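First residue of the sequence shown: 4, per the numbering used here; consecutive thereafter.
Quick reminder that beta carbons are idealized off the backbone N, C-alpha and C, glycines included.
The model shown is predicted, which means the values in this text are computed figures rather than measured ones.
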Amino acid sequence: RGQNVLTEGGDEEALSHGIFDAYTKLNLRYSQMAPLNMWDEKNTGSNLPAQIELYATDGGAYKFLFMAKGGGSANKS
Numbered sequence: 004r005g006q007n008v009l010t011e012g013g014d015e016e017a018l019s020h021g022i023f024d025a026y027t028k029l030n031l032r033y034s035q036m037a038p039l040n041m042w043d044e045k046n047t048g049s050n051l052p053a054q055i056e057l058y059a060t061d062g063g064a065y066k067f068l069f070m071a072k073g074g075g076s077a078n079k080s
C-alpha cells in the first residue's frame with residue numbers, strides 16, 4: 004500500500020471478506036486446508052484464512068501481488 008493511500012484500517016479483514024465472497028459467489032474450488040492436530044487436516048470450506056501481507060511503499064497506489072496455489076503446493080510452502 005502506498006504511503007499516500009489513506010484507509011481507516013482493517014485492510015486485511017476487508018481483503019478476507021472479498022476472498023470469502025469470491026469463493027462463495029463464483030463457485031470456485033475450496034482448497035485451503037487447516038490442521039486439526041499433528042496428523043489430520045480439514046478443508047476450511049471458504050479458502051480462509053488467507054495469507055495477507057501488507058507493506059508500505061512509496062506513492063499513492065495500492066498494488067496487489069497474487070500467488071496462485073494448488074496441486075498440493077500447501078505441502079511445499
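Report buried or exposed for residue i, applying the criterion of at least 16 other Cβ atoms within 10 angstroms of its Cβ.
i, result
"Gln35", "buried"
"Asn50", "buried"
Can residue i and residue j be called in contact, C-beta distance under 8 Å?
i, j, result
"Ile55", "Glu15", "yes"
"Gly21", "Tyr65", "no"
Would you give the residue range spanned by the alpha helix (DSSP H) that residue i belongs to?
i, result
"Ala86", "Residue 86 is absent from the model: the chain starts at 4 and stops at 80."
Between which two residues does the beta strand (DSSP E) carrying residue i extend?
i, result
"Glu44", "Glu44 to Asn46"
Whole-angstrom Cβ separation of residue i and residue j, contact assumed at under 8 Å?
i, j, result
"Ser19", "Ala53", "6 Å"
"Asn46", "Tyr26", "Not confirmed; about 12 Å, so no contact."
On the DSSP bridge assignment, give the partners of residue i in chain order.
i, result
"Thr60", "Gly5"
"Pro38", "Glu44"
Return yes when the C-beta of residue i is under 7 Å from any heavy atom of the ligand FAD, and no when it is not.
i, result
"Arg32", "As presented, the structure is devoid of all ligands, the ligand FAD included, so that no description of it is given."
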